[in-house]
Amino acid sequence: MVHVYNCHPFSSQQIVQVEQEPGLVCCGGGALFVVATGGCKVEAYSVVQEGCPLICRFATMGSVKTIQHSTIGDYLVTIEEKNSATYLRAYTNWRYQAEEKARVGVRLLGHLLGGASMRGGVQMEIIEIPLSERPVAVACCSVTGDLLVACENTLVLFTLRRQNHQSLNVSMLDFERSVILHLPMIKTKQLALCGGYVAVQTELEVLVLKLDVSSETQALEESTDSTDPQEDQADFLVVSIHQELLGDRAKDCDIPVSIEKTGLEDRRQYTLSYVLFRHFNQDYFQGCSEDESHLHSLQLYPLFTSNQTASLDEPACMFCFFSLPTAGYLYSLKGGVELLSAYQYPEKVLQAVLTDHLLHVITKNALQCFTVRLAAVAARIEDPYIDTTMKACPPSNLEVCALRMQLFIGLRSVCVYGRHVILLSTADAETPEETERTAQRRGLSRKWALSSSKGVSTSGHGWNLYVVDAVSPLTLYQEMVEYSQRYAETNPQAQSLRHLLSEAHLLLRASLLQTSEQQQDSEDYLVVSLQRDGPAERQTAAQADTGELEEALRQNCAHLGDCFSRGSQQDCHLALPYYRMSALPVTEVIARNRPLPSSPHSYGSGFLFYLKHYLLEETEETLSQEVADEVIDIFSQSEPSELVSVCASLPMTNISPAQTLRILQNLEDTAGVSVPLTITMATMMLLQDDLSQYTQLMERHAEMLMVYGFIEEPRMLVHGGGGGQHAHIRPTALTYQLAKSHPGLLVASMVALHENNKVQLEQADHIFEELGCENCLQVDFWEAMLMASSQEAVIQELLFRLASVYIERLTNTNSDTHPELSHRLPKRRSLKSAEDLINSCSHYGALYPWLTVLSPVHTTSFQHQEALHKLQSLLCGPSLSVGHVGPLLERLSEETMWGFSLHLLCATRRGQYDSSIEKLLDRCPQAIIAYANHQLQDKHMVLWWQKLLPELCNRTRAAADNSILLAALKETLVVVAMETSPAEFLELIPDDGTASYFLPHLLTCSQKHLLA
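Note that the sequence shown ends on residue 1179 in the numbering used here; no numbers are left out.
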């Protein structure tokens, strides 16, 4: 289905003042090239200046049958006939052939001239391109400037070369014959080349190939059967059927293609792949005679995205268009071959031209425009967030629409440059009555400004050459918006309204996708400004236009958001990305969707979808109380089940607690009691300073159920987050209250949120810092996290943090030496004591027995004792790395026994038993046996007699009061006697020892040996 909208795509027209009847017309580079019927002269006119003044004219060497212009290289290529022979020629430097006064050089392909150009002058050059067969069609690549020539059954590719002569400061164009494609089963009628894609059109078939350059030593070639296919089919009836083969299936078209490389200097290898094949039968040409039932208007069209450079990058998109007299077909070739649009013409079309914004077609008596889908494809290649909740774009398979038809008489051909559509008409001179009727029909559209003072030709000839100026995309967009208001007034949910706004959206996207280079080629004012403005002025003008287009796109997204907000359930989700792209504040979106008092319609599902996502995003925009209460009212009427989530949203901070509480109580009466609902109602009571009701509601459910409620809706505790940054993380009013009244619930809930990936560790830390309780609840949170977490990286981070905190507390609790630090002590007892942690967390180990001897419980304050026992427990546990906390322990002095115990723990963990035994005997010998019984086991048992026994003997002998040492020595001898043989025991007895003292232990050792 083709939608028809009465919009005006054209603003004015000019008549080019040519003296002889035009036969061939083409355009490019800001110029219009006209070849008189049967003539051998080319005239070039400027299409970007008022009045289309003549640029230059020059003679050709034969009668021109085909003419093409290449933007890259700014050259013309012609197929000419002279003396019954056909020639292929290229014309370079044609702009310097003003009024046929400049010199002209003629040379053969590959042979550079030594004339005026080589001497530093400027002259037009005609390059003869020899071919072994008669050329029938030519095509120039708009990306590389390469030239493709079709002969009877072959395609010859000529690569554009620029020969630079640095000594003479001259750059000259030339061509190199690179490759020949043999297509024995195709008789080419029309040809297209762009970015390595080759399109061939016959009367009933279109074949698209991709020619790639390969670094491999051998190219992929498909051999061609030498047998004449006509001979093979002589005994069979050939039935013409319609066939469409896309992508890899196109190679099944039974049209062999082989490669013949001819470039002498080109060492690259070429590979060929099939892209698209389509064959039509006569059923597609209903209403047309056999002579008219041919394909026409073959075109390969590249599209660059806004982040590409046309001169350096490969086109992001490639499209192929071709047409029947009654229908046109537009395919996308890159990223998967796909039919984008099928155009059904109201009457027989003679020719069609594809552009970024529109498809221009001509019939015998009319020019008409159709919308295109190029921008929809390019937008999805350029932006990976298209078709998400962040951004949207109308689909590429959107139904096409036709704009207003403009009447002409006897149209023959059409070509396009930028916003200029060039039309050639040939017809008999009109009678005055026909002229008046034509004027009346044209009066239906906007007024046309004739740039020529002569107006319409009255010389009696039957031809005219028109340059029709299209309006700017922004102007056409504005008219589409005005047109759409008619639908909005009668039926806001009409499909035509949405379709027209989608067309307008793609029109703007097509303009924004253009690169600056493309804009300079296609925008008139930029081309003309090359002479009167500098680069700064042109850049400023381009930026201004881009700003207007972006603003128009935002307005269009707002209109599309309105459409989808009230649309069906199927596509209502599109309201969210379009409203986001519109940059409208939520208050404006609410106002646009507010039902009229007389309207029976409620809020649309698309609007509710948008509003829910907006509230989930935790934006910094805070709604006023009036708007927040309206949002609560909206959801109470439309989706009551979402009220808890809505109340927890950061933008809803200013809601009225009393009104919201009434709505929530009604919800509880109808839907029943739930934990999140209870917590939300408690929050409303808290905002009203009703602490008694708050407490009653918070005690309605068990603590674990409350934790599950916070997991279900984390925003009741935490606002912000989601991106890993804590700059906007903040606690709620309920969180502040829980820190005072229910600290255990708060800690358990934060741990649960972390373990369920609702809050990150750094975010939770920031919350506790905001609460002002980093020395108490935050440490409780870390201890609880250490019990719950199974992530090794998190465990190691928590161990280091807790060890640091315990060391800091041990330092600060020494109020005698550091009274100024007493304010940094925890204000209350921790939720978990050292004993609790030892019993419930595997990372806390049981205290070594000898530690109780070194640091008795009654020697320090409670806070100090708790911090000491927790740090000792971590050092006794299996997880804390001594190497990580060793530098921190250097802050603690060994002068105190508890400080000494920690350093001794670290030394023992490092395996420094010898020095530890010596230090312990120096500082606290009464703990040596407890230390040895716990530490000197298994592979360290030998230290009993190698280190501990000699040390005790020596120290006992030297000590004045040796009672503690003698007791330790006795205990040591008991162990040594049990673990050594009598001979070994005798060797351990000191020479000056008292035999009576060691004799009982020797007897024990002997008895043990006899029993063994």
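Ideal Cβ placement from N, Cα and C applies to all residues, glycine included. Predicted, not measured: the structure shown is a model, and the values here were computed from it.
Rounded to the nearest angstrom, the gap between the Cα atoms of Phe177 and His587 is 9 angstroms. Between Gly312 and Ile246 the beta-carbon gap is near 18 angstroms, outside 8 angstroms, which marks them as no contact.
Judged by beta-carbon spacing, Gln792 lies within the 8 angstroms limit of Ser823, meaning their Cβ atoms are closer than that value. Taking the C-beta atoms as reference points, Glu372 is found nearer than 8 angstroms to His446. Note on Ala306: 16 or more other CB atoms within 10 angstroms of its CB, so buried under the neighbour-count rule. Looking at the DSSP output, Gln535 bridges to Val528. Separation of Gly839 and Leu872 (C-alpha to C-alpha, rounded to the nearest whole angstrom) is 16 angstroms. By the Cβ neighbour-count rule, His921 is buried, with 16 or more other Cβ atoms within 10 Å of its own. The distance from the Cβ of Gly577 to that of Ala594 is about 3 angstroms, consistent with a contact at the 8 angstroms cut-off.
The alpha helix (DSSP H) runs lying completely inside the stretch 1023-1103 and spanning 4 residues or more are 1029-1043, 1049-1056, 1064-1076, 1080-1090 and 1095-1102, given in chain order. When DSSP states are grouped into helix, strand and coil, Ala677 belongs to the helix group. Taking 8 angstroms as the cut-off, the beta carbon of Leu591 is found closer than this to the beta carbon of Arg579. Cβ-Cβ distances below 7 angstroms link Gln860 to Met852 in the same chain, with the five nearest sequence neighbours on each side left out; the list follows chain order.
Three or more Cβ pairs closer than 8 angstroms define a contact, and the stretch 660-677 falls short of that threshold against the stretch 216-234. Scanning the stretch 461-500 for uninterrupted beta strand (DSSP E) segments of 3 residues or longer gives 463-470, 484-490 and 494-499, listed from N- to C-terminal end. According to DSSP, residue pairing for Ala366 in a beta bridge involves Ala359 and Val375. Proximity of the stretch 1046-1059 to the stretch 960-973 meets the contact definition, three or more beta-carbon pairs being nearer than 8 angstroms.
Considering only Val380, Val424, Cys730 and Ser639, the residue with the shortest C-alpha distance to Leu664 is Cys730. With distances taken between CA atoms, Pro562 lies nearest to Leu506 out of Gln573, Leu506 and Gln518. Beta-carbon to beta-carbon, Lys356 and Ala417 are separated by about 19 angstroms, too far to satisfy the 8 angstroms threshold. Secondary structure of Tyr263 (DSSP, three-state): helix. A straight-line Cα-Cα distance of about 12 angstroms links Leu500 and Cys361. Taking C-alpha positions only, Gln737 is separated from Pro551 by approximately 23 angstroms. Pairing Asn760 with Tyr746, the inter-Cα distance amounts to about 12 angstroms.
Its chain contains Ala849 as the residues whose beta carbon lies nearer than 6 angstroms to that of Met865, once the 5 sequence neighbours on both sides are disregarded; these appear in chain order. For Glu809, the CB contacts under 8 angstroms within the same chain, skipping 5 residues up- and downstream, are Lys779 and Phe802 in chain order. Shown here, Gly190 sits in a strand according to DSSP, grouped into three states.
Cα atoms of Val424 and Leu376: separation of roughly 9 angstroms, rounded to the nearest angstrom. Secondary structure of Arg344 (DSSP, three-state): strand.
Around the beta-carbon of Leu470, 16 or more other beta-carbon atoms lie within 10 Å, marking it buried. Under the criterion of beta carbons closer than 8 angstroms, Leu358 and Leu315 qualify as touching, at roughly 6 angstroms. Here Lys1106 carries a helix assignment [DSSP, helix/strand/coil].
Closest option to Ile529, judged by alpha-carbon separation, among Val544, Thr845 and Tyr512: Tyr512. No residue range can be given for Gly197, since it is assigned to no beta strand (DSSP E) and is classified by DSSP as neither H nor E. Beta-bridge partners assigned by DSSP to Ala546: none are found. For Phe1152, the enclosing alpha helix (DSSP H) covers residues Pro1149 to Leu1155.
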